[in-house]
Amino acid sequence: MLQKRPKDLKAIRDTLHKSHIRSSKEFEKIYRESIRNFDLQPGNLVLVRNSKLDSSIGYKNKPRYVGLMVVVQRTQQGSYILAELDGSVSKLRFTAYQIIPYYPHLNKRIQITKITELSAEELLKYTINRDGKLDC
Numbered sequence: 025m026l027q028k029r030p031k032d033l034k035a036i037r038d039t040l041h042k043s044h045i046r047s048s049k050e051f052e053k054i055y056r057e058s059i060r061n062f063d064l065q066p067g068n069l070v071l072v073r074n075s076k077l078d079s080s081i082g083y084k085n086k087p088r089y090v091g092l093m094v095v096v097q098r099t100q101q102g103s104y105i106l107a108e109l110d111g112s113v114s115k116l117r118f119t120a121y122q123i124i125p126y127y128p129h130l131n132k133r134i135q136i137t138k139i140t141e142l143s144a145e146e147l148l149k150y151t152i153n154r155d156g157k158l159d160c
């Protein structure tokens with residue numbers, strides 16, 4: 025059985041790291057035109073993609089995007105906390121690929137605390153994850 029020496033492990037780690045960086049740059053180069061980075065701020069209106077219909081047969085005429093919602097906050101992991109227009113904050117978290125920005129005719133921002141009628145401190149409870157740690 026071969027024994028790995030520290031310098032061998034370091035060389036393997038460096039080679040793997042360089043390969044990973046090169047692969048990432050190549051991916052970004054190939055898909056440069058299709059990668060979108062929406063900078064969604066609290067108060068922006070978004071539509072949520074109904075990804076359940078993606079693999080279903082017979083749902084071609086069903087709406088792909090549902091619900092006009094408002095961005096409440098973006099967590100450190102990149103998911104979004106959204107609220108309905110009536111002020112109810114969703115308990116679900118939405119990933120970036122599930123939502124697209126909605127551009128109304130009038131470009132007005134909506135104040136989150138006005139819609140949800142919650143203070144900034146009360147909104148923090150929606151960003152606490154299952155481990156009890158703050159997720160914002």
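Position in the sequence shown counted from 1, then plus 24, gives you this note's numbering.
In this text, a Cβ means the ideal position worked out from N, Cα and C, and glycines have one as well.
Inter-residue spacing [alpha-carbon to alpha-carbon] between residue i and residue j
| i | j | result |
| --- | --- | --- |
| E57 | V96 | 29 angstroms |
| S103 | E52 | 21 angstroms |
| H44 | V113 | 39 angstroms |
| L88 | A120 | Per the sequence presented here, residue 88 reads as Arg, with Leu not at that position. Rounded to whole angstroms, R88 to A120 spans 16 angstroms at the Cα level. |
| K31 | R37 | 10 angstroms |
| C160 | S47 | Any reading at C160 must be qualified, since the residue scores a pLDDT of 47, below 50, and its modelled position is unreliable; no value is offered. |
| M25 | K34 | Its pLDDT being 43, under 50, M25 is placed unreliably by the model, and the measurement read from it follows with that caveat. Those two C-alpha atoms are separated by around 19 angstroms. |
| T99 | I105 | 8 angstroms |
| G67 | S143 | 14 angstroms |
| L40 | Q27 | 19 angstroms |
| K49 | D110 | 43 angstroms |
| F62 | L116 | 20 angstroms |
| L92 | I54 | 32 angstroms |
| Q101 | F118 | 11 angstroms |
| K84 | S75 | 13 angstroms |
| I59 | E145 | 35 angstroms |
| H129 | K86 | 25 angstroms |
| L64 | K42 | 32 angstroms |
Per DSSP, cross-strand counterpart(s) of residue i
| i | result |
| --- | --- |
| Y89 | R73 |
| A107 | V94, V113 |
| F118 | Y104 |
| P125 | V70 |
8 angstroms Cβ cutoff met for residue i and residue j
| i | j | result |
| --- | --- | --- |
| A107 | V94 | yes |
Should the stretch 56 to 74 be called in touch with the stretch 118 to 126, which here means at least 3 C-beta pairs below 8 angstroms? Between the stretch 56 to 74 and the stretch 118 to 126, the count of C-beta pairs closer than 8 angstroms reaches three or more; the two stretches touch.
Start-end ranges of the alpha helix (DSSP H) lying completely within the stretch 25 to 67, minimum 4 residues: 30 to 54
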